[in-house]
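Asker: The structure under discussion is supplied below as structure tokens; questions concerning it will follow.
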Amino acid sequence: MINVIAGQILMGISLVFMAIGIYSVLTFHDFYSRVVITAKVDTVGFITLIFGAMLIQGFSFFSLKLLLILVFELLTSPISTHSIAHSAYTSGYTIRKEVRAEGSGE
Amino acid sequence: MTEAILLLLLVLLAIIAVETQILRMAVIFLGIFSLLLSFLYLYYGAPDVAIAEAVMASGLVTLLYLTALKRHRVYTICFTNEMFREVDDRYIIEGTRRGQLLREIEQFCISKELEPQIICTPEDLSLLLEKRSYDLIIRQEGDQLTVYGNQDNYFVDELEMLIIMRYQDLNCKFIRYDEELTLHEEAS
Amino acid sequence: MNFYAVVLAVLALLTIGGITRVIIGPTIWDRLLGLNLVSSKIIMAIIVFALIIQRSFLLDIAIVYSLLGYIGSVLIARFIERKEE
Amino acid sequence: MKRLLHYIKMMIVFAVVWVILEERIDGTTVLMGALIGLGTMLVTDRYVLRGDYQETYRLGFWTALRYVASLIVQIYVAGVQAVYRVLTRKLNVGIVDVKTSLTSDFHISLLANSITLTPGTVTLDRKGDTLKVIWIDCTTTDPDEAGPQIKLNFESLISGGRS
């Protein structure tokens, strides 16, 4: 019984994390800060939710499958974030003039 | 509650995906559409259909549409404004909304079966010219709008006609440049 | 109201937020970011739904999505990028 | 001999994954998983990854375990920091170069992966041994100063198992 309550608390925490991520996506004013913030907060929410579900379920094939999903997500989520940021960068999306000018001057 | 929200979103996304004129965005909308659709299949108790939808939507259909879209050339338009030093949403929205010119060029591209892509950057003109990856550069200084087009480009004549005809009374110039990056200002 | 039903409803509300960014996003990369967000939300919704009805074969769909979902966003990102020559 | 050892190791991994997917544990399932893993590896060796890739993609078991544990701790630290930044809206985004001392491609991509997952940074581009990184709290653009703050201890963790 105690593990179910703990798991539900973890799920609630993950929802709070993801809500903050969505809030940041909706309110920030430039693309790069959105990318940086969401990549973090979303992964934290995902891991917390999966841990919560594993606590509720106990040790069974269900939670082993959840572990498998967690491993795949940890491998693939940074790849997609990186490829989006890389695509924006190579297409010429820059943030600020000064940083670029300093870099080319040195 | 969940069901109602997802069904409404499904209708909304379908309408947007049909209505949008830029085809690459339609691919993204369709991707989200099939994600939601797959979850709804699952919700209504058809996991086998859901798994088929998952595989097709995220792998096959995206690949198919993108391969089909390769026939459309991407026409990259670079917009730069001297007044701003940082790029954020306000810069992009104001820059693209305020100028009627960008709208018109976009419409022109769609009518020529090109995919318009607008990139906003605060960098200097010489840097942009050296990169050579843009088909058209639009520069704004105060009220003055200047359009730089590559001479070898196929559509540059028609674009020049359009801009000179429409915007003769406004502060708008069209300048061509060639391979050695020398600028040819039109005398006529 | 069940706890899991509330979790599902909150996930649906968060999906609305992600789709809002997809619709209003000024550049195409914002839209791709929204696609990424929505896809992770849907994976989580599948997990919670599998918890509700206690069937573990539903997790197979979540596995397929976590493996294939990123291919879509990587493909689109590679397609729209414009290299400097 | 080394190749055979590698095959046996990978067959164990494949059998475990197969058992998890099949949700049944008995002799037939384990054997089936191992055989399917063997077939997959043979096809991969023949058609996809030619040559000796075993050395390239080597990562010791304990190294991987320590790496993942450290990664999860760092992800939580990153999440809390990101929440703090969102709520106080203190943002100073910039792009920095980071030099790494790792040599093999596989290790560099692991490093880039963990940089993307940890506090306030996303990898943008890689040229040789230089990584371009977006940093949320860009106090300096000097590669030598920014390096230790961004890479944390992942470099030694990843290369630690190989010695």
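Chains as they are written, first to last, in my numbering: chain W, 6 to 111; chain L, 1423 to 1610; chain R, 49 to 133; chain U, 76 to 238. Cβ coordinates follow ideal geometry from the N, Cα and C atoms, glycine included.
Step through the CB atoms of chain L and report whether any lies within less than 8 Å of the CB of W/THR81.
Answerer: no
Asker: Sorted by chain position, which residues of the same chain lie with C-beta nearer than 7 Å to W/PHE56's C-beta, five sequence neighbours on each side aside?
Answerer: LEU15
Asker: Measure from the C-beta of R/PHE51 to each C-beta in chain W and report whether the shortest distance is under 8 Å.
Answerer: yes
Asker: For the beta strand (DSSP E) containing L/VAL1440, name the first residue and the last one.
Answerer: Careful: L/VAL1440 lies outside any beta strand (DSSP E), inside the alpha helix (DSSP H) at 1424 to 1441.
Asker: Count the CB pairs spanning the segment 1478 to 1486 of chain L and the segment 1453 to 1464 of chain L that are closer than 8 Å, and state whether there are at least three.
Answerer: yes
Asker: Give me the Cα-Cα distance between L/MET1423 and W/LEU73, rounded to the nearest whole angstrom.
Answerer: 30 Å
Asker: Since L/ASN1503 is in the beta strand (DSSP E), which residue starts that stretch and which ends it?
Answerer: 1496 to 1503
Asker: Could you check whether the Cβ of W/THR86 sits closer than 8 Å to any Cβ belonging to chain R?
Answerer: yes
Asker: Can you tell me whether L/ASN1572 is helix, strand or coil according to DSSP?
Answerer: strand
Asker: Return the CA-CA distance between W/ILE18 and U/ARG141, expressed in angstroms with no decimal places.
Answerer: Rounded to the nearest angstrom, the gap between the Cα atoms of W/ILE18 and U/ARG141 is 26 Å.
Asker: Along chain U, which residues have their Cβ under 8 Å away from the Cβ of W/ILE42?
Answerer: ALA157, ARG160, VAL161 and ILE211
Asker: Terminal residues of the continuous alpha helix (DSSP H) containing R/ILE120?
Answerer: According to the sequence shown, residue 120 of chain R is Gly rather than Ile. Start and end: 107 to 128.
Asker: Going straight from the alpha carbon of U/GLN149 to that of U/GLN156, what length do you get?
Answerer: 10 Å
Asker: Would DSSP call U/ASP200 helix, strand or coil?
Answerer: strand
Asker: Rounded to whole angstroms, what is the Cα-Cα separation between U/ASP180 and U/ASP219?
Answerer: 22 Å
Asker: For the segment 54 to 70 of chain R, enumerate the residues whose C-beta is nearer than 7 Å to any C-beta of chain W, in chain order.
Answerer: VAL55, VAL58, LEU62, GLY65, GLY66, THR68 and ARG69
Asker: Starting from U/THR205 and walking both ways along the beta strand (DSSP E), at which residues does that stretch end?
Answerer: DSSP places U/THR205 inside the beta strand (DSSP E), whose first and last residues are 205 to 210.
Asker: Given that a residue counts as buried once 16 or more other Cβ atoms are within 10 Å of its Cβ, and exposed if not, what is R/ARG103?
Answerer: Only exposed fits R/ARG103, as fewer than 16 other CB atoms lie within 10 angstroms of its CB.
Asker: Residues in its own chain within less than 6 Å of W/THR53 by CB, not counting five upstream and five downstream?
Answerer: LEU15, ILE18 and SER19
Asker: Name the DSSP bridge partner or partners of U/VAL171?
Answerer: U/VAL208
Asker: Using three-state DSSP, classify R/GLN102 as helix, strand or coil.
Answerer: R/GLN102 falls in the coil class under three-state DSSP.
Asker: Check whether the Cβ atoms of U/THR103 and U/VAL94 sit closer than 8 Å, and answer yes or no.
Answerer: no
Asker: Taking 8 Å as the threshold (C-beta atoms), are L/GLN1539 and L/ILE1499 in contact?
Answerer: Yes, the pair counts as a contact, with Cβ atoms nearer than the cut-off.
Asker: Could you name the residues of the same chain whose beta carbon sits closer than 7 Å to that of L/ALA1436, not counting the 5 residues immediately before and after it, in chain order?
Answerer: PHE1455
Asker: Chain W partners of L/PRO1538, CB-CB under 7 Å?
Answerer: In chain order: nothing, as chain W lies at least about 14 Å away.
Asker: Spatial neighbours of L/LEU1432 within its chain, please: C-beta separation below 8 Å, excluding the five flanking residues on both sides.
Answerer: PHE1455, LEU1458, LEU1459 and LEU1462
Asker: Cα-Cα, which of U/ASP127, U/GLN224 and U/GLU230 is closest to U/CYS16?
Answerer: This structure does not reach residue 16 of chain U, given that chain U is present from 76 up to 238, and the question cannot be answered.
Asker: Write down the C-beta distance between R/ILE124 and R/LEU80 rounded to the nearest angstrom, noting that I regard them as a contact closer than 8 Å.
Answerer: About 6 Å; that satisfies the 8 Å criterion.
Asker: Excluding the 5 residues preceding and the 5 following R/ARG126 in the sequence, name in chain order all residues of the same chain whose CB lies nearer than 7 Å to its CB.
Answerer: none
Asker: Opposite L/CYS1542 in the DSSP bridges: which residues?
Answerer: L/PHE1501
Asker: Output, in sequence order along the chain, the residues in the segment 68 to 91 of chain R whose CB is closer than 8 Å to any CB in chain W.
Answerer: THR68, ARG69, THR75, TRP77, ASP78, LEU80, LEU81, GLY82, ASN84, LEU85, SER88, LYS89 and ILE91
Asker: Does the beta carbon of W/MET16 sit closer than 8 Å to a beta carbon anywhere in chain R?
Answerer: yes
Asker: From the DSSP output, read off the bridge partner residues of L/GLU1563.
Answerer: L/GLN1566
Asker: Quick check: is the beta carbon of U/VAL92 nearer than 8 Å to any beta carbon in chain W?
Answerer: With 8 Å as the cut-off, U/VAL92 counts as an interface residue toward chain W.
Asker: At what residues does the alpha helix (DSSP H) containing L/ILE1466 begin and finish?
Answerer: Note on identity: in this sequence residue 1466 of chain L is Tyr, with Ile being the wrong assignment. Going by DSSP, L/TYR1466 is part of no alpha helix (DSSP H) at all; its letter is neither H nor E.
Asker: Quick one: give me the first and last residue of the alpha helix (DSSP H) that W/ALA11 is part of.
Answerer: 7 to 32
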